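Let me begin by presenting the structure, written as structure tokens, before commenting on it.
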Amino acid sequence: MKKGRPSIIDVARRAGVSSATVSHVINGSRKVCPATRARVEEAIAALDYRVNVLARNLRVGQSRVIAFVVASLTTDFFLAVARGIESELSEQDWQLVLVNSNEQVQTEQRQIRFLRDQLIAGLIIVPTTDDHRYLEEILPSEVPLVFVDRQPSMVRGDSVVSTNREGAYEGISHLIRSGHRKIGIIVSFLGISTTDERLTGYREALRDHGIPKNERYITYGTGTPESGYAFTGHLLNNTDITALFITNDLMTTGGYRYIIEHRISVPDRLAVIAFDDGVWATMASPRLSVIAQQTEELGRTAATLMLERIATGGQAPPYRHVRIPTRMILRESC
Numbered sequence: 096m097k098k099g100r101p102s103i104i105d106v107a108r109r110a111g112v113s114s115a116t117v118s119h120v121i122n123g124s125r126k127v128c129p130a131t132r133a134r135v136e137e138a139i140a141a142l143d144y145r146v147n148v149l150a151r152n153l154r155v156g157q158s159r160v161i162a163f164v165v166a167s168l169t170t171d172f173f174l175a176v177a178r179g180i181e182s183e184l185s186e187q188d189w190q191l192v193l194v195n196s197n198e199q200v201q202t203e204q205r206q207i208r209f210l211r212d213q214l215i216a217g218l219i220i221v222p223t224t225d226d227h228r229y230l231e232e233i234l235p236s237e238v239p240l241v242f243v244d245r246q247p248s249m250v251r252g253d254s255v256v257s258t259n260r261e262g263a264y265e266g267i268s269h270l271i272r273s274g275h276r277k278i279g280i281i282v283s284f285l286g287i288s289t290t291d292e293r294l295t296g297y298r299e300a301l302r303d304h305g306i307p308k309n310e311r312y313i314t315y316g317t318g319t320p321e322s323g324y325a326f327t328g329h330l331l332n333n334t335d336i337t338a339l340f341i342t343n344d345l346m347t348t349g350g351y352r353y354i355i356e357h358r359i360s361v362p363d364r365l366a367v368i369a370f371d372d373g374v375w376a377t378m379a380s381p382r383l384s385v386i387a388q389q390t391e392e393l394g395r396t397a398a399t400l401m402l403e404r405i406a407t408g409g410q411a412p413p414y415r416h417v418r419i420p421t422r423m424i425l426r427e428s429c
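This is the structure we're talking about:
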């Protein structure tokens, strides 16, 4: 039978002391004589005993734990954001708990209720929808909120996002300056700020360059490689586009797979630019031009906003809304 994790009672038995004494050594809550402390520390090391931080939070009513509810763990983008958050928190001696909503609002709500009961010090979240008013009902008002990548409406909290509209505008403007007027776009989930802002940037670039909009060139994916593949095929088979803008990295992998499988010449037949500089973008052939986000900086900024909010006692607004600039990287696809 597999042995369970050692408990504080196991440590106490091995050290020949009470469990209260072990607790005093771990928490530094009372002076313990050096010889006794040494026995307890030896027992902790021998048993590989580890403190259950969340359980201790429940007992003492305090925490140095921040939770990050991420929308997906299948993209380089969100993993890089998580690295940025963890890096900043660890430098300040805080811990990160990471959970995945898998883009499901019901899962997100269930996880946040669980995290609430663990007495987390704050919540960083990539929201699954634009409407997050339910947070006001299930989270105590003293729990600070920071939204990252996506900014819901009508909810208290700080936020950090990329310059999505400006990035899309820059990418489409480059395609137009290169001679393209028939530019298709595959956008991701409707009803989230990143999608709305990138689509707005696309429309504004066309308008400002005097190009009439064509709704047939606009398609709505689901953020997956499969939808990128399907809608790339749809646009190429049902419209006369000469350029394509794909608004997230997973859809881009699917779109590029369609292009390769069907031997579409890039950039001669179809120019391509995409949002997010995934690790594969420089390995693709031809190498992909992108609107790059400062992913780890998004995470570090979210963590900084959180720690500053906690340091002020979670005081009321004004909330801060930070935008991190994107950068266009031109390679061989357009």
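Residue numbers (our numbering): 96 to 429. Backbone N, C-alpha and C fix where the C-beta goes; we use that ideal spot for every residue, glycine too. Fair warning: this is a prediction, and the values are worked out from it, not measured in the lab.
Counted within 10 angstroms of its Cβ, other Cβ atoms place residue i as buried (16 or more) or exposed
i	result
Asp188	exposed
Leu153	With a pLDDT of only 45 at Leu153, under the threshold of 50, the placement of this residue in the model should not be trusted; the figure read from the coordinates follows. Per the 10 Å Cβ criterion, exposed.
Ser257	buried
Phe209	exposed
Arg377	For clarity, residue 377 is Thr in the given sequence; the question names Arg instead. Burial call: exposed.
Val155	In this predicted model, Val155 has a pLDDT of only 49, less than 50, meaning its place in the structure is not dependable enough to derive any value.
Leu339	buried
Ala133	exposed
Ile104	exposed
Asn259	buried
Val112	buried
Met96	Legend: pLDDT at Met96 = 42, less than 50; position of this residue unreliable, value from coordinates given subsequently. The residue in question, Met96, is exposed, as its Cβ has fewer than 16 Cβ neighbours within 10 Å.
Leu285	exposed
Cys429	buried
Arg358	exposed
Rounded distance between the beta-carbons of residue j and residue i, thought under 8 Å
i	j	result
Arg178	Gly394	6 Å
His416	Gln246	7 Å
Leu218	Val238	6 Å
Arg211	Leu234	6 Å
Where residue i falls: helix, strand or coil (DSSP)
i	result
Leu193	strand
Ala369	strand
Val120	helix
Thr131	helix
Val165	strand
Ala300	helix
Ala338	strand
Ala387	strand
Tyr414	coil
Gly408	coil
Ser380	coil
Ser182	helix
Val361	coil
Ile219	strand
Arg352	helix
Ala110	helix
Ile271	helix
Leu153	The predicted position of Leu153 is uncertain, since its pLDDT is 45 and thus under 50; no value can be drawn from it.
Gly279	strand
Ser102	coil
Met401	helix
Phe284	coil
Tyr315	strand
Arg422	strand
Val176	helix
Nearest residue (CA-CA) to residue i, options the options
i	options	result
Ser167	Ile180, Ser182 and Val194	Val194
Leu365	Arg205, Val250 and Ser384	Ser384
Arg422	Ser273, Tyr353 and Gly266	Gly266
Glu403	Leu331, Asn333, Met249 and Val241	Val241
Thr290	His357, Gly252 and Gly318	Gly318
Asn343	Val112, Ile215, Phe173 and Asp226	Phe173
Pro101	His275, Pro413, Arg358 and Asp143	Asp143
Ile220	Asn332, Val243, Gln206 and Gln201	Val243
Lys277	Ile161, Leu331 and Phe284	Leu331
Ser236	Glu310, Val165, His329 and Gly252	Gly252
Thr337	Tyr353, Gly328 and Val367	Val367
Ser254	Leu425, Ser428 and Arg418	Arg418
Val361	Val374, Arg382, Ser288 and Phe370	Arg382
Glu232	Ile215, Pro222 and Val250	Val250
Glu198	Glu183, Ser288, Thr224 and Gln213	Thr224
Ala140	Arg109, Phe163 and Val164	Arg109
Arg426	Ala397, Thr407, Glu392 and Ser380	Ser380
Any non-hydrogen atom of the ligand PLP within 8 Å of residue i CB
i	result
Val117	You won't find the ligand PLP in this model; it holds no ligand whatsoever.
### Query
Which runs of the alpha helix (DSSP H) fall wholly inside the region 212–256 and span at least 4 residues, in chain order?
Secondary structure in the region 212–256: the alpha helix (DSSP H) runs of 4 residues or longer, each lying completely within the stretch, are 229–233 in chain order.
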